[in-house]
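When the letters of the sequence shown are read in order and numbered with this note's numbering, they come out as residues 135 to 412. Note that beta-carbon positions come from the ideal geometry of N, C-alpha and C, so glycine has one too. Below is one structure, written out as structure tokens, with a few remarks after it.
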Amino acid sequence: MLEVRGLHKRYGDVRALDGFELTVRAGEIVGLVGHNGAGKTTFVEVVSGLIRQDSGTATVSGREPARARELIGISPQHIALYPPVTVREHLRLFGGLSGLRKARLGEEVGELAAALRLTEFLDRPVGVLSGGQQRRAQAAVALIHRPKLLLLDEPTAGADPETRQALLDTVRQRASEGAAVVYTTHYLTELTELQATIAVARRGRVIARGTSAELLEGLPGEVRVSFDDDSHVRVSTTDPTAALARLLAEATRPVSNVDVRNPDLDDLYRALAVTDGD
Ligand SMILES: Nc1ncnc2c1ncn2[C@@H]1O[C@H](COP(=O)(O)OP(=O)(O)OP(=O)(O)O)[C@@H](O)[C@H]1O
Numbered sequence: 135m136l137e138v139r140g141l142h143k144r145y146g147d148v149r150a151l152d153g154f155e156l157t158v159r160a161g162e163i164v165g166l167v168g169h170n171g172a173g174k175t176t177f178v179e180v181v182s183g184l185i186r187q188d189s190g191t192a193t194v195s196g197r198e199p200a201r202a203r204e205l206i207g208i209s210p211q212h213i214a215l216y217p218p219v220t221v222r223e224h225l226r227l228f229g230g231l232s233g234l235r236k237a238r239l240g241e242e243v244g245e246l247a248a249a250l251r252l253t254e255f256l257d258r259p260v261g262v263l264s265g266g267q268q269r270r271a272q273a274a275v276a277l278i279h280r281p282k283l284l285l286l287d288e289p290t291a292g293a294d295p296e297t298r299q300a301l302l303d304t305v306r307q308r309a310s311e312g313a314a315v316v317y318t319t320h321y322l323t324e325l326t327e328l329q330a331t332i333a334v335a336r337r338g339r340v341i342a343r344g345t346s347a348e349l350l351e352g353l354p355g356e357v358r359v360s361f362d363d364d365s366h367v368r369v370s371t372t373d374p375t376a377a378l379a380r381l382l383a384e385a386t387r388p389v390s391n392v393d394v395r396n397p398d399l400d401d402l403y404r405a406l407a408v409t410d411g412d
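Written as structure tokens, this is what we have:
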């Protein structure tokens with residue numbers, strides 16, 4: 135569905151994309167993660183046809199992004215809606231531009247609004263909605279024409295748990311119906327929930343790809359044991375159960391709390407930075 139080969143894009147001295155490669159099949163969710171400035175948004179902008187790469191190729195169903203607009207749904211990192219225009223008018227406008235007929239459009243609006251818990255806000259101008267409601271409206275605009283490729287750039291940034299859940303459920307549903315999804319986020323738990331494969335971007339290219347289990351295997355997490363006198367012991371370990379058992383067996387003061395942290399994205403970035411030459 136999406137094939138990206140050797141993308142390069144420079145802004146002055148900054149190599150925003152430096153050999154970026156990614157393929158996403160129909161029905162697959164790829165979680166694109168990486169530090170701030172790794173090139174994720176630039177990649178999304180090229181694939182959605184908003185900017186042109188300096189070199190390399192990006193194709194959506196074999197077509198250049200600018201010629202495949204109706205196949206793509208994009209939810210940009212920053213809200214890009216018209217404040218005085220209602221949610222329903224946005225959906226009619228964008229659905230209509232993508233060629234949805236009136237009757238079908240009405241059905242899609244109702245179904246999508248219910249899925250994203252937007253029904254009671256449909257006739258309010260976007261400008262009066264809360265941040266989380268605007269996030270859901272933005273996602274609805276991306277989804278209204280049932281695109282074959284969904285590009286969601288941090289769709290849950292600043293979202294409350296209800297908004298987050300509604301978005302994740304809807305994205306999973308669309309993938310199960312065959313959409314290819316690229317989902318950028320800074321939250322590993324969302325990608326686990328989406329059963330996404332993960333692509334890690336760094337300095338303008340993808341340096342690792344796999345399931346979270348594959349990528350996190352062997353990385354150390356952390357075990358922390360706190361005591362009644364407010365002191366604590368912390369160890370970094372690849373075997374939290376054994377480490378916890380040892381710390382508890384060796385404890386000479388009453389224990390007030392234990393905390394086990396599994397490896398997360400920061401641990402993964404640190405490990406990859408070492409193998410990537412830092
Ligand atoms: N229009 C632009 N003009 C100049 N530099 C840019 C422009 N867009 C992006 N960059 C630079 O390109 C690099 C990649 O930026 P990009 O926004 O793609 O990163 P990102 O991985 O999406 O980061 P974040 O997680 O912060 O959203 C950064 O160094 C950024 O400053």
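Check whether the Cβ of G173 sits closer than 6 Å to any heavy atom of ligand 1, and report yes or no.
yes
By Cβ distance below 7 Å, which residues in the same chain neighbour L302 in space, the five residues on each side in sequence not counted?
These residues qualify, in order along the chain: E324, E327, L328.
Does R395 get closer than 7 Å to chain B when you measure Cβ to Cβ?
Absent from the structure: chain B. Only one protein chain is present.
Between R337 and L349, what straight-line distance do the alpha-carbon atoms span, to the nearest angstrom?
19 Å
From A293 to V262, what does the alpha carbon distance come to, in whole angstroms?
16 Å
Would you mind stating whether G312 and A160 have Cβ atoms separated by less than 7 Å?
Yes, the pair counts as a contact, with Cβ atoms nearer than the cut-off.
Checking 7 Å against the spacing of the C-beta atoms, do L381 and V394 come in under that value?
no
Within 6 Å: the Cβ of A150 and any heavy atom of ligand 1?
yes
Less than 7 Å between the beta carbons of A314 and M135, yes or no?
Yes, they are a contact pair.
Could you give the DSSP three-state label for K236: helix, strand or coil?
helix
Could you compute how far the alpha carbon of S360 sits from the alpha carbon of L252?
So the alpha carbons of these two residues sit roughly 44 Å apart.
In the DSSP assignment, what are the bridge partners of P259?
T220
Let me check you understand the geometry: is the CB of T290 closer than 6 Å to at least one non-hydrogen atom of ligand 1?
no
Nearest candidate by alpha-carbon position, reference E351, set L378, R339, N396
N396
I want to check one thing, is the minimum distance from the CB of Y403 to the heavy atoms of ligand 1 below 6 Å?
no
Hey, out of V194, D152, L225, whose CA is closest to R270's CA?
Of V194, D152, L225, the residue nearest in Cα terms is L225.
Would you mind reading off the limits of the beta strand (DSSP E) that contains R298?
It is not in any beta strand (DSSP E) - R298 instead sits in the alpha helix (DSSP H) that spans 295–310.
Counting pairs of Cβ atoms below 8 Å between the stretch 195–208 and the stretch 175–183, do you hit three or more?
When C-beta atoms of the stretch 195–208 are compared with those of the stretch 175–183, three or more pairs fall below 8 Å, so the two segments count as touching.
Counting C-beta neighbours from all protein chains within 10 Å, is the total for R222 16 or more, i.e. buried, or is it exposed?
buried
Under the three-state reduction of DSSP, which class applies to E324: helix, strand or coil?
DSSP, read as helix, strand or coil, puts E324 in helix.
Supposed close pair V392, L402 - CB separation, criterion 8 Å:
That pair is no contact at about 24 Å.
For the candidate residues P199, D398, D363, G140, whose alpha-carbon lies nearest to that of S390?
D363
Member of H279, E254, L353 whose CA lies at the smallest distance from the CA of T220:
E254
Shortest alpha-carbon distance to G168 belongs to which of V334, V275, L151?
Nearest option by C-alpha distance: V334.
Helix, strand or coil: which one does DSSP assign to S209?
S209 sits in a strand when the DSSP states are folded into three classes.
Can you check whether the CB of E155 is closer than 7 Å to the CB of R139?
Yes. Within cutoff.
Measuring straight from C-alpha to C-alpha, what distance separates V260 and V158?
32 Å
On a Cα-Cα basis, can you pick out the residue from A291, R203, R306, Q307 that is closest to G229?
R203
Does K143 pass the burial test, meaning 16 or more other C-beta atoms within 10 Å, or should it be called exposed?
Buried: at least 16 other Cβ atoms inside 10 Å.
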